[in-house]
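Structure, as structure tokens:
Numbering (the working numbering), first residue to last: 4 to 99.
This is how it looks when you write it as structure tokens:
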């Protein structure tokens, strides 16, 4: 769900209000793709468990253009259940 949250912000929400790691990874992947584009007018992003808050400059990045970009990115996201997220190594398990 895309929600306009004021003149300069957009909130993207996924799924039900529950702790769901697949949704959290989806938010993470979407935020990475958005940042990789280095969009003019994109000011800030803030991920949540199942949401992504986006602040943009509407004089530089028109909402309809931003929504179009987000929809294309959404389609291009990989299957989250098969995605490997890099993490730090657990050294304590080496000693067992």
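All C-beta atoms in this analysis are idealised placements derived from N, C-alpha and C, irrespective of residue type, glycine included.
Treat the numbers as computed from the prediction; the structure is a model and nothing was measured.
- Check the Cα spacing between residue 89 and each of 52, 7 and 32: the tightest is with 32.
- Here the alpha carbon of residue 67 sits roughly 14 angstroms from the alpha carbon of residue 58.
- For residue 58, no alpha helix (DSSP H) run applies; the uninterrupted beta strand (DSSP E) run containing it begins and ends at 54-59, by DSSP.
- DSSP lists 5 and 55 as the beta-bridge partner residues of residue 15.
- By the C-beta criterion, the region 19-26 is judged not to be in contact with the region 62-82, since fewer than 3 inter-stretch pairs fall below 8 angstroms.
- Less than 8 angstroms separates the beta-carbon of residue 64 from that of residue 44.
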